[in-house]
Structure formats: C-alpha cells, structure tokens
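Protein chains in written order, with this note's numbering: chain A, 5 to 216; chain B, 5 to 216. The next block holds one structure in the form of structure tokens; read it before the comments.
2 protein chains.
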Amino acid sequence: MAADDTRTAILSAAERLYAARGFADVTMRDIVAAADVNLAAVNYHFGSKDELIAELFVTRSLATNRERLNELKAAEEHGGGRSHIDAILAALVGPTLRGCLGPDKQRSDAARFMIRASIESIPPIRKIKNREVDHLKRFAAAMRRALPDHDAVDIDWTLHFALAMAHQTIRDGERLTKMSDGRCDLNDVQAIIDRIVGISVQALTGRAKARA
Amino acid sequence: MAADDTRTAILSAAERLYAARGFADVTMRDIVAAADVNLAAVNYHFGSKDELIAELFVTRSLATNRERLNELKAAEEHGGGRSHIDAILAALVGPTLRGCLGPDKQRSDAARFMIRASIESIPPIRKIKNREVDHLKRFAAAMRRALPDHDAVDIDWTLHFALAMAHQTIRDGERLTKMSDGRCDLNDVQAIIDRIVGISVQALTGRAKARA
DNA sequence: GATAGTTTCATACAAGCGTTTGAAAAGCAA
DNA sequence: TTGCTTTTCAAACGCTTGTATGAAACTATC
C-alpha cells in the first residue's frame, strides 16, 4: 500500500470512529483495525495518538470555518456588502446542523467529529481551540455591521445562544424527541435552522420573523 | 474511621474531582488520595467505580430535580395554580445556573457534577438518564397550562432551547468571555437567567419581555 | 539486478487502569 | 477478656493502553 493511502485510511477511520463513539471509547487498536493497517502505522505516520487527533482537528476545523465563511461571503455579496442578520446566523449554524442532522447522504463524519471535539475537551485539542474565537469574532463583526444600532453585548450573547441551540440540538436531539413523544422533527434540518435563526433575530430586534 | 465517614468522604471527593476535571481524567487513585482513604475502600463500599458514579448521579439528579420542582411549585402557588411562563422557565434553568456560575459561596460541586454527567456520556449514567425525560415533561406540561393556546411542539422546542442556552453558557462561558473581550458578564447570574427566560418567552409569545 | 531508502509487520515493552486478596485493625456484644 | 463481624490496609493481579523495536517487504534509482 502506498504511504499516502495508509495515512488517509487512518485519518478517515479515526474520524469516523471518533465521530460515532467519542474519544474515550476509541483505542488505537480500534482505529488500525477499521483502517486495515498495522498498529505501528499510526506512530510511524503521525508520531503519536495526540498528533493524529490534532491533525484531524486542524484539518476539519479549517474546513468547517471555510464553509461557514463561504456562506457568509455569499450572503454579503447578495446583500451588497451588508448582509441581513438572518443570512449571517444561518451561515453560522447551517453547515454544522446540516452535516450532523441532515439525510444520510449529506451527513458528514467531519461535522460530527467537530461536535465531539467541542464536547470532550482533550489535551491535544484544547491547545488549538483559541483559534475558533477569532473565527467567531468575524461573525460578531458581521452582525454588528448588519445591525449598527444594536448593543455589541447583545450581539455577542445572541451569537453565543444561537450556537448553543444548534449545538445542543445535535448533541441531545434524542432527548428532545423522547420528551416531545416524537412531535419535534429532527429530519427537517432547514426548519430547525429557520427556528434557531428566527429566535435569535427576534431576540435582537424584538420582532418576530415570518416562519419560512 | 467510621464506615459512613469513609463512604461520604469518597462520595464528596469523587464529586468534587469529577466536577472539576471530568470523568476521563479522574482515576480511583485520584479519588482515594483526595478522600484520604485506602484504594480498596471504593470497591468495598460501592462495589465498583461505575456503581460509585451511578450512586452519585442518582443522588444529585434527585436533588436537582427536587430543587427545580420546589421553585415550580412556589411559582404555581404564587400564581394561584397557574404560573406565569417566566416563572416556569426560571425554575427550570435557575438552579443549575446559580449552582455553576454564581459567586463561590453558593457554587455547588453537585451542579457542576451534573453538567459533567450530561456532557460526558458514560455507560453507568446513560442507563439512568431516561428518568430526566419524565422530569422535563412535567415542565412542558406546566408551560402548556400557562399558555393553553400555544402549539405543544413550539413549547417543547422552547424548553429544549432554554436548557441549551443555560447549558452551553455553563459549559463554554469562557469562550463567550474571550469572544466578547470580557464584555459579557458571567458573574451576574440573575441577569443571565433573565436573558435566557426573556428570549424563550419572546420565542413563544412574540413579544419582548421587559428587561429586569 | 544490486543497492539504498521507505514502509509494513509481528511482537514486545512499560505504565496505568480497576479490581482482588488475605491479613491486620477496629468495633462491639456477651 | 473472648469471640465474631465490620472495616481498613498494603500488595499484587490481570488487563488494556500507547509506544518502541528490529526484521521483513516493498519501491525506486542507478
């Protein structure tokens, strides 16, 4: 097997297993079995388990951020340089929600891996996380441009809460389903995005947004 | 040392360490060192590590639920059998927020332990968690009584989102502080409760609630 | 096709984990 | 005190973890 094949086989197997079962439950032996490579291959290609996780996290977090910023940019171009607050918030929570809750076809291990990474704070990831703050600041800035009359503190809280709602829906959607006896539909991702965006916009502007 | 002293020393040391560092990072040797008891004492008194965690979780979850229901009951008595939606939501998110974010004096390891338990899903806890759904259903029912004209689905989503906002604020308040360059104040717990309750009520009624 | 450099492989290692053991210590009823 | 139960203790057990080793297999260059 070529060297790069082994590398990518390890990366994608690790990503898939971590996304599905979390970091604590997945051992290197699980990963190499799923990737069908030798146990020593991980240390040979990545140096250590932590460096494997770190490489995965850096790669996927750049990809997620790029996806969000693309949506943000598209929204800004469409709105002539100043996007509507709805579009900004949708760009923030949309990619991850679609990647984690959407139909199987578009579900990505990458998105679910990132959720795991944000939940189970482990040393190799904790060090890199500060970068995400800068990324969120760009969204906060866009929101301030869209709503120049609003208090920056309210905008920060709203951004924080929007992420919270998206995050918890991914993380514990099962509880919501049970609690509502199945009435809350987790399959209609766009409706969830609209709901979260609607509540967030309403929190800022005090006006209800027409439901899509 | 009397038998019960050893038991409670183990329980409170375990709770404190788990609350501070999470389940993955705390070993039995850490716990017995903090409790100043012998390593074998945990297995003697609780049977296994998992049973120790389970006992902690059951005890603390009953206490948390009792605290919430007390607040709910007080709200219902004050409102003559039908409480205001604000009071219901405050009873839901208040106890945990105060226990995790309040001034040191009233901060409780119990509340932060429960947050850990809800984040790091581990086998001994996963089995018991279904009970929480029934607990939340009582709050959903109270909300339906307070707002009889509202769609039950909207109420379930709102309850879910209120918990999400509270939970994430506890879990990742540090990121919010960094992102807002310290402008978002995590020390004023009552203001946070008001903010979460306000957004939730507004999401249901479409009207902004006067800020306290 | 010989040689040098990569990459794979089976196997072993040290360290840490939760748990068990059997004897010593403490508590207590008669 | 005597005898019995409960509780503590130091030590060790078996197992799993991430990592290291050195030989074998492969690849590519001359």
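The beta-carbon is built from N, C-alpha and C at its ideal position, and this holds for glycine as well.
Using a CB distance cut-off of 9 Å, residue 108(B) does not count as an interface residue toward chain A. With respect to residue 208(B), residue 89(B) sits close: the two C-beta atoms are nearer than 9 Å.
Classified as exposed, residue 33(A) has fewer than 16 neighbouring CB atoms from the shown chains inside 10 Å of its CB. Under the three-pair Cβ rule at 8 Å, the segment 8-19 of chain B does not count as touching the segment 197-207 of chain A. With respect to residue 79(A), residue 94(A) sits close: the two C-beta atoms are nearer than 9 Å. Less than 9 Å divides the Cβ of residue 118(A) from the Cβ of residue 68(A).
Rounded to the nearest whole angstrom, the CA to CA distance from residue 36(B) to residue 17(B) is 8 Å.
Rounded to the nearest whole angstrom, the CA to CA distance from residue 27(A) to residue 56(A) is 12 Å.
The Cβ of residue 104(B) sits no closer than 9 Å to any Cβ of chain A. In the three-state reduction of the DSSP assignment, residue 28(A) falls in the coil class. Near chain A, meaning a CB-to-CB distance below 8 Å, the residues of the segment 157-173 of chain B are 157, 160, 161, 163, 164, 165, 167, 168, 169, 171, 172 and 173.
About 5 Å separates the beta carbon of residue 147(A) from that of residue 159(A), a gap short enough to meet the 8 Å contact definition.
Closest in C-alpha terms to residue 53(B), from the list 162(B), 63(B) and 30(B), comes 30(B). Taking residue 113(B) as the centre and dropping the five residues before and after it, the same chain places the C-beta of 19, 20 and 23 closer than 7 Å to its C-beta, in chain order. Residue 73(B): member of the alpha helix (DSSP H) spanning 53-82, first to last residue. Judged by beta-carbon spacing, residue 180(A) lies within the 9 Å limit of residue 164(B), meaning their Cβ atoms are closer than that value.
With respect to residue 98(A), residue 72(A) sits close: the two C-beta atoms are nearer than 9 Å. Contact between residue 58(A) and residue 132(A) is confirmed by a C-beta separation of about 7 Å, below the 8 Å threshold. Taken atom to atom, the span from the alpha-carbon of residue 70(B) to that of residue 106(B) is near 19 Å.
Taking the C-beta atoms as reference points, residue 143(A) is found nearer than 9 Å to residue 96(A). Cβ proximity to chain A below 7 Å picks out 183, 184, 187, 188 and 199 from the segment 183-202 of chain B. Counting only unbroken stretches of 4 or more residues, the alpha helix (DSSP H) elements lying wholly within the segment 107-186 of chain B are 113-123, 127-130, 134-150 and 156-183, in sequence order. The Cβ atoms of residue 175(B) and residue 161(A) lie no closer than 9 Å to each other. Where residue 202(A) is concerned, the enclosing alpha helix (DSSP H) starts and stops at 193-209.
The Cβ atoms of residue 190(B) and residue 202(B) do not sit closer than 9 Å to each other. Contact annotation, residue 187(B) with residue 157(A): C-beta distance approximately 5 Å; criterion of less than 8 Å satisfied. DSSP, read as helix, strand or coil, puts residue 21(A) in helix.
For a Cβ distance threshold of 9 Å, nothing in chain A lies close to residue 75(B): the least Cβ distance comes to about 19 Å.
Residues of chain B whose Cβ lies closer than 7 Å to the Cβ of residue 93(A) do not exist; the shortest such Cβ separation is about 14 Å. Contact of residue 140(B) with chain A by beta-carbon distance below 8 Å involves 179 and 183. Scanning chain B for C-beta atoms nearer than 9 Å to the C-beta of residue 144(A) yields 183 and 184, reported in chain order.
If you look at residue 47(A), you'll find it in the alpha helix (DSSP H) that goes 44-50. Distance check between residue 184(A) and each of 195(B), 140(B), 60(B) and 171(B) places 140(B) closest, using alpha-carbon atoms only.
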